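The C-terminal position of the sequence shown is numbered 374 in numbering that gives the first Met the number 0, with every residue numbered one higher than the one before it. Note that CB positions come from ideal geometry on N, CA and C, so glycine has one too. Everything numeric in this text was worked out from a predicted model, so none of it was measured. The structure appears below as structure tokens.
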Amino acid sequence: MLPDVVEAMLPWLRGNHANPSGNYRMAKLARKAIDTAREQVAALIGAEAGEIVFTGSGTESVNTALHALDTLSGEGTALVSAIEHSAVLRYVESGRREVVQVAVGSDGRIDLDSLCAALPVAAYVSIMAGNNETGVIQPLAEIIHLAHSMGLPVHTDAVQAVGKTPINVRHEPVDLLSLSAHKFHGPKGMGALYIRSGLDFSPLLHGGGQENGRRSSTENVAGIVAMGEAARLAKIALEDGTIEKIRTLRDRFEQLVMSGLSGCVRNGDATFRLANTSHLSFESCDAAGLLILLDDAGIACSAGSACMTGKRKPSHVQLAMGIPQTRAKSSLRFSFSCLNTLEEADIAATKTIAAVEKLRRVQGSGIGPVAIYTP
Ligand SMILES: Cc1ncc(COP(=O)(O)O)c(C=O)c1O
């Protein structure tokens, strides 16, 4: 979390612990703080405050959106992309509808012809804004236009994209949009769901009727305030060149690593990509071994997305892009933020090159994985 986000949160952890549904003075202060945060989150995506519902995570936002679409839509398939996050894929798979996954090209972008072919039998569409492994950005405005022209509602999982690329629900008139605070320097365990004003909605959580009946649960005031502050800062970062600075770090890292190593390939479209993400494959290198070496060197990165780490299956995202299994198992995702420096990008590149060279030597020698620990 950014230091200002922590500061904004602390008074609601240390001092005012009132329930915002109360009628006493402290409760009204808490309510007012929630209202401000709602406006801040709304402003980040060009929405009205009343269109924002706070949730407990990106996953909850996604599940809530899909629950509403599933409950209120008529017959038809759940139309998603093949590269969705498991929050989408596992939810639709658990339901009663047939699920259709739209293919992506080798650049990681949705194949719009496949989308069009699948629309006539769909009940609703859920396609992500930016991918959590490759960072590839989808043509959201076109997807929404195509779905709406068939009368279909659209949800987008914008958990990775919000705060890293401009998203405006008026320009990209999506019906439901999920976001998560920890992806833009807010706290973990805080999400929000944009619900277009006037859209039919059916809540996932029933109870005390908080969030205008759209998400019952006593509000996490500290988390909501922190998410609001993070959203305010993220909006500034999108406008003041901070995102471009992050892109410079990422590009420099990529340029150093790719020019310093043979057999290193970047995955995903080079242009339509979140500014902070670099997804690279290293020929003849097992990603799990690389992760160990890089962790030892103080570099925190991941094989696939963090959510996939620990599972040894090649990522469904890479397979959907037609990346062969061996290459998929030799891929790492590196992410940069406004808290990183150019010097750190250089160090990360140097250490990545050294780790790849070391692993290639060991893998080729037949000595086995134990040797990678030898200094
Ligand atoms: C694209 C995407 N959707 C959904 C989620 C889930 O968000 P959360 O971890 O806040 O539940 C993630 C988390 O990494 C994500 O990357």
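Exposed unless 16 or more other CB atoms sit within 10 angstroms - verdict on residue i
i    : result
G21  : exposed
V120 : exposed
T155 : buried
R13  : exposed
E132 : buried
Q245 : The sequence shown places Ile at residue 245, not Gln. Buried.
E141 : exposed
H184 : buried
M149 : exposed
K27  : exposed
A41  : buried
Span separating the alpha-carbon of residue i from that of residue j
i    : j    : result
S334 : A302 : 12 Å
P313 : R213 : 37 Å
P202 : V158 : 20 Å
V124 : P165 : 21 Å
C306 : G227 : Residue placement at C306 is poorly supported in this model, since its pLDDT is 49, which falls under 50; the coordinates still yield a value, given next. If you take the alpha carbons of C306 and G227, they lie about 25 Å apart.
G292 : G129 : A quick correction: the sequence has Leu, not Gly, at residue 292. Going from the Cα of L292 to the Cα of G129 covers about 29 Å.
T373 : A347 : Caution is warranted here: a pLDDT of 45 is assigned to T373, below 50, making its placement in the model unreliable, and the coordinate value is therefore given only provisionally. If I take the Cα positions, the gap works out to 20 Å.
F252 : K350 : 11 Å
A81  : D112 : 14 Å
C115 : A122 : 13 Å
P19  : S196 : 24 Å
M25  : P2   : 25 Å
R108 : E218 : 37 Å
Proximity winner among the options, relative to residue i (alpha-carbon distances)
i    : options                : result
Q254 : I143, G14, D345, S196  : D345
R326 : K31, N167, E282, L114  : E282
L318 : Y23, G104, L248, H147  : G104
V98  : G107, D106, L78, H84   : L78
C284 : T270, M320, Q324, D250 : Q324
A48  : H66, S330, L192        : L192
I223 : I242, F200, G188, T247 : G188
S215 : E59, A42, L248         : E59
A7   : V87, A221, S72         : A221
Residue i - partner residues in DSSP beta bridges
i    : result
C263 : F281
L175 : H154, I194
S301 : R332
L78  : V99, V124
I109 : V103
I51  : Y193
R272 : V135
V161 : T164
G14  : According to DSSP, which records beta bridges pairwise, G14 is partnered with nothing at all.
G129 : I136
7 Å Cβ cutoff, residue i in contact with chain D
i    : result
Q137 : No chain D is part of this structure, which consists of one protein chain only.
At least 3 beta-carbon pairs within less than 8 Å: the region 88-101 vs the region 20-35: no
If contact is defined by three or more beta carbon pairs under 8 Å, each pair taking one atom from either stretch, is the region 253-263 in contact with the region 192-212? no
Can you list every residue whose CB sits closer than 5 Å to some heavy atom of ligand 3, going in chain order? This structure lacks ligand 3; its bound ligands are ligand 1.
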